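First up is the structure itself, then whatever we jot down about it.
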Amino acid sequence: MTHLDGNVLAGVTSSLFAFDLPTATGQCDACGDVASLAEAMVYGAPLGFVVRCRNCSGILVLLVERPGGVRLNMRGLRWLMPSATDSHPPAATPEAARFS
Amino acid sequence: MTDSAFAWRQGRLALSATLSSSARSLTFDVPGWPGSQPGQHIDIRLTAPDGYQAVRSYSLANSGAGERLELGVERLPDGEVSPFLVDELEIGDEVELRGPLGRWFVWQPEETRPVQLIGGGSGVVPLLAMMRAHADARTPVPMRLLYSLRSPENALYQEELRSLSDTAATTWHYTRVAPEGWAGEPARLTADVIRAETLAPESDPITYICGPTGFVESVAHELTRLGHHPDGIRTERFGGA
Amino acid sequence: MAVFGARRRNNDPALPPGQHLTESFPVLSAGPTPRIERETWSFSIETESGDVHRWSWEDFVTLPSEEISTDIHCVTSWSKLGTNWRGVSLDTLFADVQTSRQFVMAHSYGGYTTNLPLSDLLNGRAWIAYEYDGAPLDPEHGGPARLLVPHLYFWKSAKWVRSLVLQDADHPGFWEQYGYHLHGDPWREERYS
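Residue numbers (the working numbering), protein chains in the order written: chain A, 885 to 984; chain B, 85 to 325; chain C, -18 to 174.
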């Protein structure tokens, strides 16, 4: 089964977040792997984006675009940290972006 | 918080050229385009008369300032959008697009590490953008491309890649049919070829791999087995239609 | 001027609204293809009383099966006409099942789920299919066996199906939780909730 990678999330998330999602780093809540979202495996397009951990395949993020808006689940991430070199300024500090 | 740089805007097809029997270069005029960095992509959105929309990502073959952007699009047999772009879109037609997108798979001329580019099929497009920027920047940083193709007919931008060989050399690899005079048998890209034709781990390169998912994963796997650190490898996988 | 999707303006009565014909068979999955050995495969139906009706692969292939030739419709707008399958009817599998519940959650190897009314699975409308085009069903397309419910959008035809669990209400499955329609009738274009 061929999958994409987190680079494909750049467009759809550009209007959702004040930071670039693919270059953000996240920790998988299931296995603890730390990686940029660009390295995650993305399944399900074009029904939706099922963003899976490159290490354990656990779901990190699930995003579905439908008429009327986007539905987003990020429970699979223990935390998410925008890239320090992100030239698109974040709305909050990296500390505040961690989900506990 | 929305940034107007990511809003949908109109692009008008200004130029097109045949790249191969299955691929076409498309140059769009995009008023207000903020420019882009080598390796970035755009999303194109097409709307059918009944309101149905399809969105697909395409890498930019060019970069820098200016209001023109260039794509190299290959027609995928199962595709919904690529056949339309390759076979039907006409000069003067407009599409919606947003971008530039992507910060991960980007090369900056300020980067001092040597650069290894590895492309499979139409995965060469963002790598070409990097090679063009590299030539324009006249930087002494070494850059090389390993271009894996099924056959010579599938090559995109062949002449341009040859003309860039003074600044960045291309090694051609064929997996099914080779041109006359090519040393070796056509075969999948093996560890031996990768080792022989790419910068060694000791030169601490940044490596960019782009192409179909299977290609990208097996090449990345071989590179780490050869001793390359995963942090130095950036990948972009092309999927379907 | 080229018009995208001009073919979509279809007058073909075989195609539900908003669908276009494909000759290929696109693969769409929510995750990696699970590798399931027939030796360990099982399919079960679980009721509210705790009864579990389970079939091993050996049990399963001895059940009466049928050839099905049908059209399938994906919510992403492609339709494929005249696909050929072999499978066991859900009427056969539900023959000895006692339940007063009216809804089902299908569970697949790999974690996928989808919800359906029980009535959409009975009366000759659904199968557990294990062959496609005369050959064993490919893992990419849901093999060893998948649910086949062709009168609904194809996301309801859960690949790698492992169990059907009777539920008291139409609780949403994987895609339904994210806004896809609870029922999914392509002829009424029930794509989104």
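Where is the CB? At the ideal position from N, CA and C, for every residue including glycine.
Every value quoted in this text rests on a predicted model; they were computed, and no experiment measured them.
Whole-angstrom distance between residue j and residue i, CA atom to CA atom
i	j	result
M965 of chain A	D171 of chain B	42 angstroms
F933 of chain A	V892 of chain A	9 angstroms
W117 of chain B	G95 of chain B	9 angstroms
Q911 of chain A	D917 of chain A	6 angstroms
F189 of chain B	I317 of chain B	10 angstroms
Y292 of chain B	L307 of chain B	11 angstroms
G928 of chain A	T94 of chain C	14 angstroms
R950 of chain A	T57 of chain C	11 angstroms
A110 of chain C	E47 of chain C	9 angstroms
R(-10) of chain C	G(-1) of chain C	With a pLDDT of only 49 at R(-10) of chain C, under the threshold of 50, the placement of this residue in the model should not be trusted, and no figure is reported.
L273 of chain B	A304 of chain B	12 angstroms
F(-15) of chain C	A138 of chain B	10 angstroms
D40 of chain C	L147 of chain C	22 angstroms
W156 of chain C	N65 of chain C	26 angstroms
Test: residue i CB closer than 9 angstroms to a CB of chain A
i	result
W188 of chain B	yes
S10 of chain C	yes
G295 of chain B	no
Status (buried if at least 16 other CB within 10 Å, exposed otherwise) for residue i
i	result
G176 of chain B	exposed
L99 of chain B	exposed
L44 of chain C	exposed
H54 of chain C	buried
L961 of chain A	buried
V33 of chain C	exposed
C937 of chain A	buried
V300 of chain B	buried
Q83 of chain C	exposed
M215 of chain B	buried
G895 of chain A	buried
Residue-level contact to chain B via CB, residue i, 9 angstroms cutoff
i	result
M(-18) of chain C	yes
G237 of chain C	Here chain C has residues from -18 to 174 only, and residue 237 of chain C is not among them.
S60 of chain C	no
V892 of chain A	yes
D917 of chain A	no
T14 of chain C	no
9 angstroms Cβ cutoff, residue i in contact with chain C
i	result
T897 of chain A	no
G176 of chain B	yes
E172 of chain B	yes
A138 of chain B	yes
E158 of chain B	no
F90 of chain B	no
N995 of chain A	The structure shown does not extend to residue 995 of chain A, since chain A is modelled only from 885 through 984, so no value can be given for it.
V300 of chain B	no
Per DSSP, cross-strand counterpart(s) of residue i
i	result
D127 of chain B	B:S141, B:R182
V157 of chain B	B:R108
H34 of chain C	C:I26
N96 of chain C	C:M86
V926 of chain A	A:L888, A:V935
I943 of chain A	A:R936
The ligand MN heavy atom lying under 8 angstroms from the CB of residue i
i	result
G12 of chain C	Ligands are entirely absent from the displayed structure, and the ligand MN is therefore not among its contents.
* To do: Would you list, in sequence order, the uninterrupted beta strand (DSSP E) runs of no fewer than 3 residues that lie entirely inside the stretch 262 to 316 of chain B?
  => The qualifying runs are 290 to 296.
* Asked: Which runs of the beta strand (DSSP E) spanning at least 3 residues fall entirely within the stretch 113 to 165 of chain C, listed in chain order?
  -> 127 to 129, 142 to 148
* Please specify which runs of the alpha helix (DSSP H), each continuous and at least 4 residues long, are wholly inside the stretch 171 to 249 of chain B, giving them in chain order. => 208 to 221, 242 to 247
* **In chain order, each beta strand (DSSP E) run of at least 3 residues that lies wholly inside the stretch 38 to 67 of chain C** => 47 to 54
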